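Peer 1: Numbering (this note's numbering), first residue to last: 820 to 957.
Glycine included, C-beta positions come from ideal geometry on N, C-alpha and C.
Nothing here was measured: the structure is a model prediction, and the numbers come from that model.
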Amino acid sequence: MVLAVIFFAAPLGYLKVKLTRAVKTSYEPIKPGTVSSSAENAFPGEWTQSVYESVKVATKNYDDDNESYSFTGGSSYEELEKLVGVPDTVISWEKENYGMPPRAMATWNRTKDGDYMPHSVTVTYEKKSKMITDKDHH
């Protein structure tokens, strides 16, 4: 009887430990302000200067013990996509590379009418947490 309790209690204890190790990702909110309309012509689609400026890039942290990177404090890619729409292209890295987790790079480079623009916005995000790790407007 005691042996049966140990066999059933041990997996439950492992499950509890495993579940408590789940990390809750904390994002920085995207809160666009107001910017003059002349600057808006330099951005594709639904992007604006204020949206771009309000996107927070995560802080990169390196764990020496695991030889891997993690990110904290960035904006949520899912929230961003709701604001500006689906990107025109996405490039994805499916595997960890030199300690960097799998990531994706989304690029918006078309007008609201679908025409290509001379300017684009690129955002890189960590695929698991969807936290933004880099941004660029050129």
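Within a Cβ cutoff of 8 angstroms, which residues of the same chain sit near Lys-947, ignoring the five residues on either side of it in sequence?
Peer 2: So the list reads Pro-920 and Pro-921, once near-sequence residues are dropped.
Peer 1: Per the DSSP calculation, Val-901 is bridged to which residue(s)?
Peer 2: The question names Val, but residue 901 is Lys in the sequence shown. Partner(s): none; Lys-901 has no beta bridge.
Peer 1: Just curious, the beta strand (DSSP E) that Val-876 is in, first and last residue?
Peer 2: Neither: Val-876 is in no beta strand (DSSP E) and is coded neither H nor E.
Peer 1: Check each candidate in Ser-889, Trp-927, Asn-928 and Ile-910 and name the one with the smallest Cα separation from Tyr-917.
Peer 2: When only C-alpha atoms are compared, the closest one is Ser-889.
Peer 1: Assign Thr-930 to buried or exposed, taking buried as 16 or more other Cβ atoms, counted over all protein chains shown, within 10 Å of its Cβ.
Peer 2: Under this definition Thr-930 is an exposed residue.
Peer 1: Below 6 angstroms CB to CB, which residues in the same chain sit around Glu-945 once its five sequence neighbours on both sides are set aside?
Peer 2: So the qualifying residues of the chain are Phe-890, Pro-920, Arg-922 and Thr-952.
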